[in-house]
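Residue numbers (my numbering): 430 to 607. Glycine included, every Cβ here is placed at the ideal spot set by N, Cα and C.
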Amino acid sequence: MTLFELQEWLGHRTPEATAHYAKITPNTLARAYNDAGYFAGNVRTVEVRVDRDAVASGAAANGEPWQYYDLGHGWCTYTFFEQCQHRMACARCDFYTPKTSSKGQLLEAKENLQKMLAAIPLTDDERAAVDDGQAALDQLLGRLTDVPTPAGPTPRQIGIPAQATLLLIEINRKPTGQ
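Pasting the structure below:
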């Protein structure tokens, strides 16, 4: 029941009177978000490939890439990809490998890669870019122009203009039950 429905049902004159009796706990709030589909709508899955040889040989412990996030147009090896502000508008930092490069092609040819899916929570800007397209992506790119990439330099320093058309991550949308 909404607060207004509960107000009517209880016969209160104001929502404040109803709110006084209807304390909202964190569990109640989380359930409401879940029921509204908020979390499902703001999470997408991205394919990740794990290099089992790099992990088993200890190369991953020495800083070698061992997980590769599939961006559609290339791979990102940044370990904390979920937290990278540039993940939907890749700034071509040191963690990025284009699929068309020889390194990218060798990666795709490796037989020891385990394919997995990672659930990535999207920011409001990223969700708008996924749902609304190029205009929202341009806005996101403009906001990120002077934000450092995981490798250090900003997109401006790398020389990528804010109005560049960069490809979005190929995101598999989770069904929202509609």
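Residue range of the unbroken alpha helix (DSSP H) whose run includes residue i
i: Arg585; result: Pro584 to Ile587
i: Ala547; result: Note, Ala547: premise wrong, no alpha helix (DSSP H); beta strand (DSSP E) at Leu542 to Pro550.
i: Glu537; result: Ser531 to Ala538
i: Glu555; result: Asp553 to Asp561
Start-to-end residues for the beta strand (DSSP E) that takes in residue i
i: Glu511; result: Counting along the chain, Glu511 falls outside any beta strand (DSSP E), and DSSP gives it neither H nor E.
i: Pro527; result: Tyr525 to Pro527
i: Trp504; result: Gly503 to Cys505
i: Pro455; result: Careful: Pro455 lies outside any beta strand (DSSP E), inside the alpha helix (DSSP H) at Pro455 to Asp464.
i: Thr447; result: Looking at the DSSP string, Thr447 is not in any beta strand (DSSP E); the run it does join, the alpha helix (DSSP H), is Pro444 to Tyr450.
i: Arg481; result: Arg481 -> not in any beta strand (DSSP E); alpha helix (DSSP H) instead, spanning Arg481 to Ser486.
Selected residue, minimal CA-CA separation from residue i, among the options
i: Cys513; options: Val559, Met545 and Thr552; result: Thr552
i: Gln568; options: Gly533, Pro582, Ala490 and His515; result: His515
i: Asp500; options: Glu511, Thr583, Ala564 and Leu458; result: The identity of residue 500 in the sequence shown is Leu, whereas the question assumes Asp. Among Glu511, Thr583, Ala564 and Leu458, the Cα nearest to that of Leu500 is on Glu511.
i: Val484; options: Gln534, Asn541 and Leu535; result: Asn541
i: Leu536; options: Arg481, Glu555 and Ala564; result: Arg481
i: Lys528; options: Gln543, Trp504, Lys539 and Thr508; result: Trp504
Proximal residues to residue i (C-beta, below 8 Å), its chain only, five neighbours per side dropped
i: Pro444; result: Leu432, Phe433 and Gln436
i: Trp438; result: Met430
DSSP state of residue i mapped onto helix, strand, coil
i: Asp575; result: coil
i: Gln436; result: helix
Same chain, Cβ closer than 6 Å to residue i, five either side skipped, listed in chain order
i: Arg442; result: none
i: Val477; result: Gln496, Tyr498, Met545 and Ala547
i: Ser530; result: none
Cβ-heavy atom distance, residue i to the ligand SAH, below 7 Å
i: Gly503; result: The ligand SAH is absent from the structure shown, which contains no ligands of any kind.
Item to check | the region 519-529 / the region 574-589 touching (three or more Cβ pairs under 8 Å) | outcome: yes
Checklist entry - Is it true that the region 472-483 meets the region 548-566, where meeting means three or more beta-carbon pairs spaced less than 8 Å apart? => result yes
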